[in-house]
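Participant:
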Amino acid sequence: MNVWLMKSEPDEFSIQDLYRKGRENWDGVRNFQARNYMREMALGDLVLFYHSSCKTPGIVGTATVSKTAHPDPSCYNPESPYYDAKSSANKPRWDQVELTFESMCQDTISLRYLKSLPTMADFELITRSRLSVMPVKPPYWQVLEPLVRQTRDL
DNA sequence: GCCAACGTTGGC
DNA sequence: GCCAACGTTGGC
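Counting in the numbering used here, the first sequence runs from 5 upward without gaps.
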């Protein structure tokens, strides 16, 4: 099983929203590297849900991949904020995956805290701050796993 | 609200 | 293929 991290602005779509809905298509990714990582995701992969551009940026919960990468229809919908003129129904440039809610963290694992840990110094979350989808490699997962396993009762 | 980082676009 | 201009992300 692979582990990934995906960012979302809680004002747009939060872990609470995912909890309420149960599952959701992760659309709107418009960055090639992030898209390519989504294409590598397998059914059942674990996703760490990260809140960005908010009071306390950090990991807030987990989800699993319940549908692998498939075309993101918002890219050829002119009404959508994610519309991309270079995409069309027979040539979608962008993909989405479907996520299913798994758990809510007891406490937010803040970016500030992760930055303070020497082992996390080369974690892409810190070194490539603008990437919104990234793999969580074993040394980082080792640190994060016990933290994300402290979940909140729902 | 500011600004650094950095991905994308387009002219040449 | 280079690179300047531009737009966006996201922490602070």
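We put the beta carbon where it would ideally sit given N, CA and C, even for glycine.
None of the values given here were measured: they were computed from a predicted structure.
What residue does the alpha helix (DSSP H) around P61 start on, and which one ends it?
Facilitator: That residue, P61, is in no alpha helix (DSSP H); it is neither H nor E in DSSP.
Participant: Please determine, among E44, L22, F17, M45, the residue with the shortest C-alpha to C-alpha distance to R32.
Facilitator: Residue 32 is actually Gly in this sequence, not Arg. When each option's Cα is compared against that of G32, the closest is F17.
Participant: So is F105 buried or exposed if we call it buried at 16+ other beta carbons inside 10 Å?
Facilitator: With at least 16 other beta carbons inside 10 angstroms of its own, F105 counts as buried.
Participant: Excluding the five sequence neighbours on either side, which residues of its own chain have a C-beta within less than 8 angstroms of the C-beta of P75, listed in chain order?
Facilitator: P96, W98, D99, Q100
Participant: Answer with buried or exposed for T155, where buried requires no fewer than 16 other C-beta atoms within 10 angstroms of its C-beta.
Facilitator: exposed
Participant: With contact counted as at least three CB pairs below 8 angstroms, one residue from each stretch, are the segment 47–66 and the segment 102–118 in contact?
Facilitator: yes
Participant: Below 8 angstroms, how does it come out for the segment 6–15 and the segment 124–139: are there three or more Cβ pairs, yes or no?
Facilitator: yes
Participant: Please report how far the alpha carbon of Y87 lies from the alpha carbon of P150, in whole angstroms.
Facilitator: 39 angstroms
Participant: Please state the DSSP three-state secondary structure of D111.
Facilitator: strand
Participant: How long is the line joining the alpha carbons of R177 and K119, rounded to whole angstroms?
Facilitator: Here the chain comprises residues numbered 5 to 158, so residue 177 is not present and cannot be evaluated.
Participant: Taking the C-alpha atoms as reference points, what is the distance between D157 and C109?
Facilitator: 9 angstroms
Participant: What whole-angstrom Cβ distance do M5 and G48 have, given they're in contact under 8 angstroms?
Facilitator: 6 angstroms
Participant: Could you give the distance in angstroms between the alpha-carbon of P122 and the alpha-carbon of N40?
Facilitator: 28 angstroms
Participant: Do you know how far the Cα of S70 is from the Cα of A46?
Facilitator: C-alpha separation (whole angstroms): 9 angstroms.
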